[in-house]
Amino acid sequence: MKFTPKQLDENVNVSKTHPLVELMWLVGGLILLVGGTFFLLGVTTDWAASKTPVKVENWLGNLALNEFPAEQSPELKSRLDALLAQVPQDSPLHQYDFNIYLSDSDDVNAIALPGGRIVVFKGLLDQVESENELAMVLAHELGHFAHRDHLRGLGRGLGIAVVTALLLGENNSASGLISKAVLTFQVQYSQSQESAADQFGVDLLTTRYGHAGGATTFFARLAENAGSKIPYVLASHPHPKNRIEALNKRIEHLGYPVAKTDKLHPDLVLED
Amino acid sequence: MEILLQNIDLIIFILLIVLGYSAGSWAEKKHYRSIKQREKELLKMAVITAEGSFPPGQVANATLVSGSVVVSIDYFKRLLAILRNVFGGRVKSYESLVDRARREAILRMKEQARELGAGMIINMRLETATIGKSANKKGRVGSIEAIAYGTAIVKNL
Numbered sequence: 001m002k003f004t005p006k007q008l009d010e011n012v013n014v015s016k017t018h019p020l021v022e023l024m025w026l027v028g029g030l031i032l033l034v035g036g037t038f039f040l041l042g043v044t045t046d047w048a049a050s051k052t053p054v055k056v057e058n059w060l061g062n063l064a065l066n067e068f069p070a071e072q073s074p075e076l077k078s079r080l081d082a083l084l085a086q087v088p089q090d091s092p093l094h095q096y097d098f099n100i101y102l103s104d105s106d107d108v109n110a111i112a113l114p115g116g117r118i119v120v121f122k123g124l125l126d127q128v129e130s131e132n133e134l135a136m137v138l139a140h141e142l143g144h145f146a147h148r149d150h151l152r153g154l155g156r157g158l159g160i161a162v163v164t165a166l167l168l169g170e171n172n173s174a175s176g177l178i179s180k181a182v183l184t185f186q187v188q189y190s191q192s193q194e195s196a197a198d199q200f201g202v203d204l205l206t207t208r209y210g211h212a213g214g215a216t217t218f219f220a221r222l223a224e225n226a227g228s229k230i231p232y233v234l235a236s237h238p239h240p241k242n243r244i245e246a247l248n249k250r251i252e253h254l255g256y257p258v259a260k261t262d263k264l265h266p267d268l269v270l271e272d
Numbered sequence: 001m002e003i004l005l006q007n008i009d010l011i012i013f014i015l016l017i018v019l020g021y022s023a024g025s026w027a028e029k030k031h032y033r034s035i036k037q038r039e040k041e042l043l044k045m046a047v048i049t050a051e052g053s054f055p056p057g058q059v060a061n062a063t064l065v066s067g068s069v070v071v072s073i074d075y076f077k078r079l080l081a082i083l084r085n086v087f088g089g090r091v092k093s094y095e096s097l098v099d100r101a102r103r104e105a106i107l108r109m110k111e112q113a114r115e116l117g118a119g120m121i122i123n124m125r126l127e128t129a130t131i132g133k134s135a136n137k138k139g140r141v142g143s144i145e146a147i148a149y150g151t152a153i154v155k156n157l
């Protein structure tokens, strides 16, 4: 047997696909997969959230409130009751037993927790200047309850966590990538929820006071400090300026009158 | 600026991917050039996996020669492999790594045989091992080791 040395040009052991092309296919496939799962999950949880009885939600709320050390506020409660009186009788809002708390935190925020609990932060109360503005904030939170938003958020978060853990294992690096991607979707969803709650809020505010005055002034004050719009691409709330625009559009579209606002009653004026 | 700071881990991740891709493919191209060049130089050295039998008196010396090499993955290759774990299929990004390791190991073995003055290597065996088995686990870097060994034959003239 004769030995003939020869160098091979072809290499059958290495695939010819360009790595960047492969990356594109894989990332595209992953986005499709996650997007599809997320869409299905979203539809299911939205449906489930709308069917969940208020009783179950109250039970969930009891679990959640332990996180927020805050005191019940009778002053806020009276304003909330005045708003609730304007809500139509058949609304699911009447099934809630609302508790409203005032928290010591300096954050300019208010949150709706499952089970009819609303927490208002002192930082927000500092910024509020009229009764109408406060009513708008409370009506916005009521909007979250009316749309069952906290249940939806909870359901979606839980669903994504369970699905990625089931598909890929708990500590897979891919789960990290996916949660990053999903977070971006979640943000869009959360911003649309906020806008819907704003719309509900301005409707309720108008029924309460007969005009939509004060609906946008609070956001206008926030907008002054909010700065650029770019960071809001990834924020849970839309940029205040966008919220004002959307609210003004609704006020104009439905022909709500805008009148002077009532000054904040002294029982809620905070001393510095 | 704030948005950059808020997503600092995402930015670091992207930077590592870009760095992994550019540095990784540069190193790979360079390595392949060197492999091809040296393979050409050592083309005359026959390497066979058969045991080989020689007429008495023909073999002057028979020595064990071995060559081993460790090649590390880069961040970009790891990303591709992680994504492959989801869909299944050939992990193409690791193929070139294994190929490079095998060929480099054989080359080093041949170079050792050349220094001994051998004309051929018989009974060649190739083995691979992974150093850092948890290549796909978080924060770990995987690498592959290939070792080639065989019997270098120095013939009587």
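Going down the list, the sequences are from chains A and B.
Residues 1 to 272 (our numbering) make up the first sequence, in order.
Residues 1 to 157 (our numbering) make up the second sequence, in order.
Cβ coordinates follow ideal geometry from the N, Cα and C atoms, glycine included.
| query | result |
| --- | --- |
| Beta-carbon proximity of A/H144 to A/A112, cut-off 8 angstroms | yes |
| Proximity test, Cβ basis, 8 angstroms: B/E41 and chain A | no |
| Buried versus exposed call for A/A13 [16 or more other C-beta atoms within 10 Å across all chains shown] | Looking at the sequence shown, residue 13 of chain A is not Ala but Asn. Label assigned to A/N13: exposed. |
| Backbone secondary structure at A/L125 - three-state DSSP | helix |
| Rounded straight-line distance, which links the Cα of A/V128 to that of A/F218 | 7 angstroms |
| DSSP-derived helix/strand/coil call for A/D272 | Note that A/D272 has pLDDT 47, beneath the 50 cutoff, so the model's placement of it is unreliable and the number below is only indicative. Residue state, collapsed to three classes: coil. |
| Same chain, Cβ closer than 8 angstroms to B/G57, five either side skipped, listed in chain order | N156 |
| Same chain, Cβ closer than 8 angstroms to B/A103, five either side skipped, listed in chain order | Inspection of the sequence shows that residue 103 of chain B is occupied by Arg rather than by Ala. Taken in chain order, the residues that qualify are I35 and E39. |
| Simplified DSSP assignment, three categories, for B/T49 | coil |
| For A/V27 and B/A27, the rounded distance between their alpha carbons | 25 angstroms |
| Which of helix, strand or coil DSSP assigns to B/R125 | strand |
| Members of the segment 91-110 of chain B near chain A, C-beta cut-off 7 angstroms | K92, S93, E95, S96 and D99 |
| Residues that A/F98 contacts on chain B, provided the C-beta gap is smaller than 9 angstroms | Going along chain B, no residue has its Cβ under 9 angstroms from A/F98, so there is no contact; the nearest lies around 34 angstroms. |
| Rounded C-alpha distance that separates B/I144 from A/R221 | 60 angstroms |
| DSSP three-state assignment for B/I8, whether helix, strand or coil | helix |
| Given A/P19 as reference, the closest of B/L15, B/L19 and B/S25 once Cα atoms are compared | B/S25 |
| Boundaries (first-last residue) of the beta strand (DSSP E) holding B/V65 | V59 to S72 |
| Cβ of B/R125 within 8 angstroms of any chain A Cβ | no |
| Check whether A/L142 and A/L204 have beta carbons under 8 angstroms apart | yes |
| Neighbouring residues, chain B, relative to A/Q7 (Cβ below 7 angstroms) | E39, K40 and L43 |
| Stretch-stretch touch, CB-based, cutoff 8 angstroms, three pairs: the segment 42-59 of chain A with the segment 104-124 of chain B | no |
| Three-state secondary structure (DSSP) of A/V119 | strand |
| Beta-carbon contacts of A/G115 that lie in its chain and below 6 angstroms, excluding the five residues immediately before and after | E57, N58 and G61 |
| Within-8 angstroms CB hit, B/F87 to chain A | yes |
| Rounded separation between B/I14 and A/E71 - CA only | 45 angstroms |
| Short CB-CB distance (under 8 angstroms) between B/A27 and chain A | no |
| Within chain A, the residues that B/L80 reaches when beta carbons sit closer than 8 angstroms | P19, E22, L23 and L26 |
| Listed by chain order, chain A residues near B/A46 by CB distance under 9 angstroms | F3 and P5 |
| Expected contact under 8 angstroms - CB spacing of A/Q86 and A/R243 to nearest Å | In fact, because the Cβ distance is near 22 angstroms, the residues do not count as touching under 8 angstroms. |
| For A/G29, the nearest candidate out of B/Y32, B/K110 and B/F87 (CA to CA) | B/F87 |
| Limits of the alpha helix (DSSP H) - the one that B/S96 falls within | K92 to L116 |
| 7 angstroms Cβ cut-off: residues of chain B touching A/V14 | E95, S96 and D99 |
| Test: B/R84 CB closer than 8 angstroms to a CB of chain A | yes |
| A/A85: first and last residue of the uninterrupted alpha helix (DSSP H) it sits in | Premise fails: A/A85 is in no alpha helix (DSSP H) and is neither H nor E. |
| Proximity test, Cβ basis, 8 angstroms: A/N62 and chain B | no |
| Within chain B, the residues that A/N11 reaches when beta carbons sit closer than 8 angstroms | D99 |
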